[in-house]
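Some notes on the structure that comes next.
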Amino acid sequence: MTPERSRVFLDCTIRSALAAFAIGGFLSGCAVQTDEGILAGPALTLGTSNSTEAEVLVDEKTLPTTIAVLPLGNQTTSDLAIGAVRQTLSNHFSSRNYRVMHTVDVDRRLALAGLDPATDADLDFSKLRTILGVDGLITGDVTHYEKTFAGVGARISVGVSLTLLNEKDEIVWAASNVQRSYAGGVSVSPVGIIVNALAAAKHLYGDINLFRAADDLGRALAKDMPAPERLAVKDRPVIQSVAHSGASQKLNYGATVNFALEGDAGLNASIAIQGVGLIDLQEVSPGAYSGQWVVDQSINIESETVIGRLMNDAGEFSSWVSPYGLMTIDNTPPTALTDMTTTSRPGAVQLSWSADYDGDLKTVSVQVQGRDAWQRAAPIDQTLTLSELPDFAPTQIQIMLEDDAGNQTAAQIMTVIAAPDPRFSQAEDLKSALPSVVHGAMRLRKAFGPFTLSGPLRVATDGVLLIEPGVQLELAPNARIDVLGEIQAMGTTAAPITVTHQQGVAAQAFLIFKSVLPSRVAGMSVQHVNVPFQILAGSPVIEDNVINGAFNAIMMSGSSKPLIRNNQFTNASASAMVLSEQAQPRLQGNQFTENQPFHIQNSSSYSLKVTGNTFDPPASTMTILGPMED
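Numbered per our numbering, the sequence shown spans residues 2 to 631.
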């Protein structure tokens, strides 16, 4: 028969099988479930039912000796049955005297060659045989997959159409079959116990009944499949099923794997796994074999087949690949996240990492020093926030990574700091002697002070100077800080930033703002600096500061628009504030006390609003020069 005639034959037999399945008898109130959902439909006949058509097309001499079951095409709306059906067919066909190539090996070789027989048209079968090293090929399709419910019972129906090609591309066998498996109790044999456990843990790809139907399908097809007698082995052991508890999961050191095999009684049973070796099984009842194996720390394998072996006293053995799933053992810890960054938050720190991590990384766990609990996040989240941390207090944390096999990295120790400014945690620490220029984020911490400013310091346009509460600054007479970038001084009433003169000589200046970037100076206590703040540009926030004994506490010019809020200006020897040009400050809640002769001198183009501030002596034309609004 030509391949074209065979294809017509197969199509006809499949249609006939499905028609026979459909008209065999009905019960009302049945539903059919596919991967897309449950569809209303006619009920199916209860009881054992199958349809089979098979044809042997050549004599025994033309049969191949080694065969590979190629990836099956899919004529259904589901991909669920493909894997279980194909592996089970391979097992049963090996009982017909053929040497059957493992499906995993078939797929690996095809992938290396860039071929997919399930989807590629116009395949060169001769090339396939050469790639696979076999003289026979089984091709075909999964033609039928349905899950049906009748009353309280359920069943799965699986159908295939197959052809067997020899080395001359002759179709030597063609068959189609539909098998159905009913829901019910699983055997309490060692195999049944493992399969039950896999199903309960959702490690089975599909339904137990799918594997039952696939097994029945393979057995029915193998029954009518021609067997090359020249390859027959006398009294060859028979294997019925092989199962293991490590299916569809990643195992690591210390995990216990259970194995079970059912077959002929009184023989030697074992499990073979590439990269592991042989694991002996013990016969626990006639024809039922089981054993356990504890995963060794030195073993790493990925997607290896689990093969049951049964050998008689003559040394003749049979092999059976477990269809329930491949075995993966991963004893390699994940790679540490080298790009971990921290971002300060008020009372918190946010940890972040990129999405470029090992594919098997499962959990990022973090423990704060002094806390028992670990915080956990999935790597895909790329962030985790540690809350309820004291601001400005270095806090030690441990970071540990775990992959989906349970392997853990050694704890990585980091120190983080919560702060109102997000850059504080990653800023560079400055030590007691300050530099002449600040680039990037640099911070002054109380622990490294007091700090001496011996001359001019410039915060560059790309720089930010961060100052935590409690820092002490001592200024030389010619010292000053020119702010072209940012300054963020975060003092508090309880822990002010103190600024004093050096060696009893008053400093001429302190902060000179020349930037439009958003600076903030808070919680400072400034003593004996002639002009603590000069604001030439921008809108810095000056709040909660105490300035005593200045000549002019704040001088504002240009088009500056600072927010000056809740400060205390005391004992200025000229005035607390001097405004010129287009300066337009906003004054809120400030206290002006004993500033002589003036609290404020305003020669700017704008009238100054002083409402909401307090003055002692009171505000008047004698204490405030220039235009004002009360």
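Just so it is clear, CB atoms sit at the ideal spot from N, CA and C, and this is done for glycine as well.
Residue j beta carbon less than 9 Å from that of residue i
i	j	result
S319	S91	no
T501	Q528	yes
E305	G276	yes
A244	Y325	yes
V143	I209	no
N591	N572	no
S455	A477	yes
S606	E582	yes
T78	Y146	yes
T384	S426	no
G441	V465	yes
V64	G137	Checking the displayed sequence, the identity of residue 64 turns out to be Leu instead of Val. Yes, the Cβ-Cβ distance between L64 and G137 is below 9 Å.
L518	E487	yes
V322	G247	no
V227	T66	A small fix is needed here, since residue 227 is Pro in this sequence, not Val. Their beta carbons are not under 9 Å apart, which means P227 does not touch T66 by this criterion.
S127	D170	yes
T396	Q370	yes
L704	R310	Because the chain spans 2 through 631 in this model, residue 704 falls outside it and cannot be assessed.
N313	L268	yes
V173	N167	yes
A261	S242	yes
Cβ shell of residue i (< 6 Å), same chain only, five flanking positions each side left out
i	result
I555	F534, M578
I482	L458, L512
T140	L71, T164
A510	R481, V532
V542	R521, L564
V506	P478
I132	R110, A114
T89	A215, D216, G219, P324
Q34	Summary for Q34: the model assigns pLDDT 30, below 50, so the residue's position carries little reliability; its value from the coordinates is reported in the next sentence. Only K148 meet the Cβ criterion.
D545	A523, G524, N567
V295	T257
L580	M557, N603, S605
L609	N603, M629
R424	A442
Residue span of the beta strand (DSSP E) that contains residue i, given as start and end
i	result
A508	508-514
F94	Counting along the chain, F94 falls outside any beta strand (DSSP E), though it belongs to the alpha helix (DSSP H) covering 81-95.
P457	457-468
K224	No beta strand (DSSP E) holds K224; the alpha helix (DSSP H) holding it covers 209-225.
S250	The question names Ser, yet the displayed sequence has Gln at residue 250. Unbroken run through Q250: none, as it is neither H nor E.
W321	318-322
I381	Per DSSP, I381 belongs to no beta strand (DSSP E) and is neither H nor E.
S526	525-528
D617	615-617
V365	362-369
E487	487-491
S520	From DSSP, S520 is part of no beta strand (DSSP E); its letter is neither H nor E.
Same chain, Cβ closer than 7 Å to residue i, five either side skipped, listed in chain order
i	result
G288	E263, G264, D265, A266
G407	N253
A214	I157, S158, V159, Q180, R181, S182
G450	S433, V472, Q473
Q283	Y290, S291, G292
T410	P334, P335, A337, M401, L402
Residue environment, residue i, which counts as buried when at least 16 other CB atoms sit within 10 Å
i	result
I381	exposed
D217	buried
T624	buried
T336	exposed
E475	buried
G207	buried
V189	exposed
S437	exposed
F616	buried
I414	exposed
D117	exposed
G613	exposed
Sequence-distant residues of its chain with Cβ nearer than 8 Å to residue i (five each side left out)
i	result
A349	T386, L387, S388, E389, L390, A419
D361	K251, D331, P335, D404, D405, A406
Y99	P65, T66, T67, I68, G137, A228, P229, L232
S621	none
E429	G441, A442, M443, R444
Unbroken alpha helix (DSSP H) run spanning residue i, endpoints
i	result
A256	Element bounds for A256: n/a, residue is neither H nor E.
T131	126-133
I195	191-201
T104	104-114
Quiz item: Is the stretch 193-207 touching the stretch 169-184 in the sense that three or more CB pairs, one from each, lie closer than 8 Å?
Solution: no
Quiz item: Quick one: any contact between the stretch 461-469 and the stretch 438-446, if contact means 3 or more CB pairs under 8 Å?
Solution: Segment contact: the stretch 461-469 against the stretch 438-446, three or more CB-CB distances shorter than 8 Å; contact assigned.
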